[in-house]
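Here is the structure we will look at, set down as structure tokens.
In this note's numbering, the protein residues as written are 3 to 190.
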């Protein structure tokens, strides 16, 4: 009877110690502005990107708070396309895996662009203006040249914008995000 009572007392004490220790577990907060570097795993293509799909990535660098690694490098991360058009993707980091649990995060957005739409638009506008001015000068002299240049610039600019090339984010592309909202984590 004494052994059973002693055994029960030890088990209860051990269970109580575990509960107290768990209650004292420190919470770690990742502050606003914390940088989180990730590498893509999935290919993300502006032609096929889906705003509801989650794209796989991994943490490229560990997240360190007060000299302690709180999220290890190579931990899973989740990206989502939040905006897209033919020549640009806006990609956001939405979650990290911390100690086997998914932790939602709010970060800034990163735009990926293929070439410069502004540059293509400017080149198109310049070429269109030159062509329009030449045609306008032939048709109506000096005033026609001015009108032709304006019309040519507008149509060339539109054409330059419309010929934008699609964006493709390859696997192993590195992005660095900043937290826009603090995140509480439990230490392991």
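For each residue, glycine too, the CB sits at the ideal point set by N, CA and C.
All figures in this text were calculated on a predicted structure; none of them were measured in a lab.
Straight-line CA distance for residue 100 to residue 115?
Numbered from 1 along the chain shown, position 98 holds the residue referred to as residue 100. Numbered from 1 along the chain shown, position 113 holds the residue referred to as residue 115. If I take the Cα positions, the gap works out to 31 Å.
What's the C-alpha gap between residue 62 and residue 80?
Taking the first residue of the chain shown as position 1, residue 62 is located at position 60. Taking the first residue of the chain shown as position 1, residue 80 is located at position 78. Each residue's Cα considered, the two are about 13 Å apart.
Return yes when the Cβ of residue 91 is within less than 8 Å of the Cβ of residue 51, no when it is not.
As a working note, residue 51 is residue 49 in the chain shown. As a working note, residue 91 is residue 89 in the chain shown. In contact: residue 51 and residue 91 (Cβ atoms closer than 8 Å).
Let's see if you can read the secondary structure: which residues bound the beta strand (DSSP E) around residue 186?
Along the chain shown, read from residue 1 onward, the residue named residue 186 stands at position 184. Unbroken beta strand (DSSP E) run through residue 186: 185-188.
Use the C-beta contact count for residue 55: other C-beta atoms within 10 angstroms, 16 or more gives buried, fewer gives exposed.
By 1-based counting over the chain shown, the position of residue 55 is 53. Under this definition residue 55 is an exposed residue.
Would you list the one or two residues that DSSP bridges to residue 93?
Counted from its first residue, the chain shown places residue 93 at position 91. In the DSSP output, where bridge partners are listed per residue, residue 93 has 83 and 112.
Could you check how far apart the C-beta atoms of residue 173 and residue 88 are, in whole angstroms? I think they sit under 8 Å.
The sequence position of residue 173 within the chain shown is 171, counting from 1. The sequence position of residue 88 within the chain shown is 86, counting from 1. With a Cβ gap of about 21 Å, residue 173 and residue 88 do not count as contacting.
Here's the rule: buried if 16 or more other CB atoms are within 10 angstroms of the residue's CB, otherwise exposed. What is residue 49?
The residue you call residue 49 lines up with position 47 of the chain shown. Exposed.
Count the other C-beta atoms from every protein chain shown that fall within 10 angstroms of the C-beta of residue 69, then say buried if there are 16 or more, exposed otherwise.
Taking the chain shown and counting its residues from 1, the one referred to as residue 69 is at position 67. When all chains shown are included, residue 69 counts as exposed.
By the three-class DSSP mapping on this structure, what secondary structure does residue 78 have?
Position 76 of the chain shown, counted from the first residue, corresponds to residue 78. In this structure, DSSP gives residue 78 an extended state, which the three-state scheme calls strand.
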